[in-house]
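Per UniProt numbering, residue 1 is the first one in the sequence shown, and the count goes up by one each step.
Glycine is no exception: its CB is placed at the ideal position from the N, C-alpha and C atoms.
Below you'll find the structure, written out as structure tokens, and then a few comments.
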Amino acid sequence: MSSPFAYSVKLAECGSKHLALYLAVREAITEGKLAPGERLPSTRTLASLYGLSRGSVSLAYEMLTAEGFVQAGIGQGTFVAGLDDSDGQPDWAKPVGAAKREPLPQAAPALTGWARRLMAEVADRKSMLPERAGRKGTPPEEEARAAKLPEATVSFVPEGVGRDWFPWTEWKAEVAHQWKVLGETGRAGLEKEGSFELRKAIAERLRRERGISCEAGQVVVTGGSMQAIALLTQLLLEEGKTAVVENPCYTGIRLAVRATGARTLAQPVDANGIITDDWDAGLLFVTPTRHFPTGVVLSYERRRSLLAWAARRNAWIVEDDYDSDFRWGGRPIEPLKSLDKEGRVVYVGTFSRSMGAGVRIGYAVLPDELLGPFAAAKGLYDPYPTGIAEQQALASWMSGGGYDRYMRRMRRTFGKLERKLRTGIEEKLGRMFEVVPSDAGLHLYAKWKLDEDRYDKLVEECAKRGVAWKDGAAYGYAPDTEGAPAPGRSAVFGFAHLNEESIGRGVLEIRDAATRLGWIDIDIVQGGTVHA
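Take a look at the structure:
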């Protein structure tokens, strides 16, 4: 029997049999390989075809039924959700309780100005990132040379939490249980703002851990923090408006702002965080508890200054608190949101940093004035929330204390990894890199002490040895951007996906590469002049 399902591909991607089958069937439906009303193979047939148990196939069908992709009748079989004659859309493509709509026109309209800019920004992303000392493009000979380099065996490129550290068995069991519950109860409780149980658990944890006074009704669950950022830029920016961003900053913020056509003001960051000013702008993106990527903490005086600016200018502040849950020392840093008395701050968080990039669950805590528009905008993209089983599973894990136990265990583990990497860089690579002080997060930011040509040569030599890291220049604005100084060279070293042995081996490989280039015994004199 032939089948339109890409089961083997999905199995290689996720490793779970029932989840792979669910993803393969869902893809076949959404791509039109299976027509609305078409009957799906029986559980016995699919089990025989792919070497599965009938229980695994039944669970996959239950997941599809819960999301409305298929319909099942006792003794009749399982069918792709049928068409609603009023608008020609299958049931799975419509929001719950959606009003009847007129048929869509056949001819696709031209892209809006925002959509065209977004596509241009994504296509031009490489030219925006000064990977080679701010220069655009890569000479053909360098591309050819890079193509011959081996894949990194010790990669310090940040990847978030490594698979070995996350309790996948416990998590998968909870998700499977929630799918079973959803299969029995249908779509009850699917609100566009996300699972109410999860929003309640997030609000309780923010009150307890972060000092943010909020209720479940102020929280909207998103598909990761980037979805929240993108929605906020679309709601609050357009041509003629100005957004202030940190320099350097998270690349996703840069893309989202520029795609709206708004003017970007890149504000420098020093040892006390973003340098405040009385900007003529209506929106500010900031990472106050741990600046991305340098890790510096915004001083209390500057926090107060930002809130005063927002009140004076009637502006909004988007606070991205991306990984300050991982703290190794010092007192906890209060979020800017906890100081906000006038409702000017949107607090954005994510579980993708603590649980892994594959868990696309983020959230935003919104002032009352923005709550309705934000929820409506999210509902436009997600008529009912995706990943509802994962949301319910996370809510159960948090309310049962499992998430907090996991976080305590990870703080101990990552604290050891951070000390291993920091000590290794300072003791073995200190002549080349200066690690910026930080007591939290899943990466270290290090300034390059030598000239740019040496940096490029070290990167190439380390790549030959299978060692890589993230070039800090990728997060800085080009020199021709307003407010952006000429970027210095820097490196971002992630460690949460590694272990102590691989960290030590990687540091030694970088030192050996520098030794081969003859730089370990160099002298660095006052003023930065380098003598071989």
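For residue i, the nearest candidate out of the options (CA to CA)
i: residue 423; options: 323, 508, 455, 295; result: 508
i: residue 415; options: 20, 34, 495, 218; result: 495
i: residue 241; options: 337, 352, 316; result: 316
i: residue 472; options: 156, 228, 409, 283; result: 156
i: residue 282; options: 306, 291, 296, 37; result: 306
i: residue 453; options: 182, 489, 231, 321; result: 489
i: residue 175; options: 59, 213, 368; result: 59
i: residue 293; options: 321, 249, 32, 356; result: 249
i: residue 300; options: 321, 276, 323; result: 276
i: residue 268; options: 52, 37, 475; result: 475
i: residue 274; options: 217, 245, 403; result: 245
i: residue 39; options: 19, 351, 76; result: 76
i: residue 419; options: 70, 313, 498, 228; result: 498
i: residue 446; options: 432, 375, 440; result: 432
i: residue 33; options: 23, 378, 5; result: 5
i: residue 343; options: 290, 372, 311; result: 311
i: residue 210; options: 314, 327, 247, 181; result: 327
i: residue 412; options: 457, 439, 191; result: 439
i: residue 217; options: 23, 374, 465; result: 374
i: residue 367; options: 500, 214, 251; result: 214
Beta-carbon proximity list for residue i, same chain, < 6 Å, skipping 5 on both sides
i: residue 12; result: none
i: residue 502; result: 154
i: residue 9; result: none
i: residue 417; result: 495
i: residue 545; result: For residue 545 there is no data in the structure shown, the boundaries of the chain being 1 and 532.
i: residue 43; result: 54, 57, 58
i: residue 359; result: 351, 352
i: residue 410; result: none
i: residue 228; result: 222, 348, 362, 364
i: residue 52; result: 17
i: residue 161; result: 356, 496
Expected contact under 8 Å - CB spacing of residue i and residue j to nearest Å
i: residue 233; j: residue 256; result: 4 Å
i: residue 354; j: residue 321; result: Between residue 321 and residue 354 the Cβ distance is about 12 Å, and since that is not below 8 Å, they are no contact.
i: residue 467; j: residue 518; result: Contact doesn't hold; Cβ gap of about 18 Å is too wide.
i: residue 296; j: residue 436; result: 7 Å
i: residue 172; j: residue 16; result: 6 Å
i: residue 449; j: residue 426; result: Their Cβ separation, rounded to whole angstroms, is 12 Å, which puts residue 449 and residue 426 out of contact at 8 Å.
DSSP bridge partner residues for residue i (one or two, in chain order)
i: residue 246; result: 267
i: residue 318; result: 285, 346
i: residue 327; result: 440
i: residue 468; result: 155
i: residue 256; result: Answer by DSSP bridge pairing: none, since residue 256 is not bridged.
i: residue 490; result: 447
i: residue 384; result: According to DSSP, residue 384 bridges with nothing at all.
i: residue 71; result: 79
i: residue 39; result: 79
i: residue 220; result: 364
Limits of the alpha helix (DSSP H) - the one that residue i falls within
i: residue 501; result: 500 to 516
i: residue 18; result: 17 to 30
i: residue 375; result: 368 to 381
i: residue 48; result: 43 to 50
i: residue 79; result: Unbroken run through residue 79 is the beta strand (DSSP E), 77 to 80; no alpha helix (DSSP H).
i: residue 204; result: 196 to 205
i: residue 233; result: 225 to 236
i: residue 352; result: 352 to 355
i: residue 338; result: 336 to 339
Residues near residue i by beta carbon distance below 7 Å, same chain, minus five either side
i: residue 221; result: 193, 194, 195, 198, 199, 361, 363, 385, 391
i: residue 158; result: 442, 443, 470, 492, 494
i: residue 230; result: 256
i: residue 212; result: 206, 335, 337, 338, 347, 365
i: residue 237; result: 243, 257, 260, 262, 283
i: residue 397; result: 174, 403
i: residue 26; result: 64, 69
i: residue 399; result: 201
i: residue 510; result: 429, 462, 467
i: residue 455; result: 448, 489
Contacts around residue i, its chain only, beta-carbon distance under 8 Å, and the 5 residues preceding and following it disregarded
i: residue 72; result: 61, 65, 78, 79
i: residue 110; result: Any answer about residue 110 is weak, because its pLDDT of 47 lies below 50 and its placement is not dependable; what the coordinates show is given next. If we look at residue 110 and ignore the five residues flanking it on each side, it has no Cβ neighbours.
i: residue 350; result: 224, 225, 322, 361, 362, 363
i: residue 239; result: 113, 260, 261, 262
i: residue 235; result: 370, 373, 374, 377
i: residue 265; result: 242, 243, 244, 245, 279, 281, 482, 483
Span of the beta strand (DSSP E) around residue i
i: residue 447; result: 443 to 448
i: residue 308; result: It is not in any beta strand (DSSP E) - residue 308 instead sits in the alpha helix (DSSP H) that spans 300 to 313.
i: residue 406; result: Premise fails: residue 406 lies in the alpha helix (DSSP H), 402 to 428, not in any beta strand (DSSP E).
i: residue 364; result: 362 to 365
i: residue 434; result: 433 to 435
Closer than 8 Å to chain C by CB, residue i
i: residue 171; result: Judged by its chain identifiers, the structure shown contains no chain C, having just a single protein chain.
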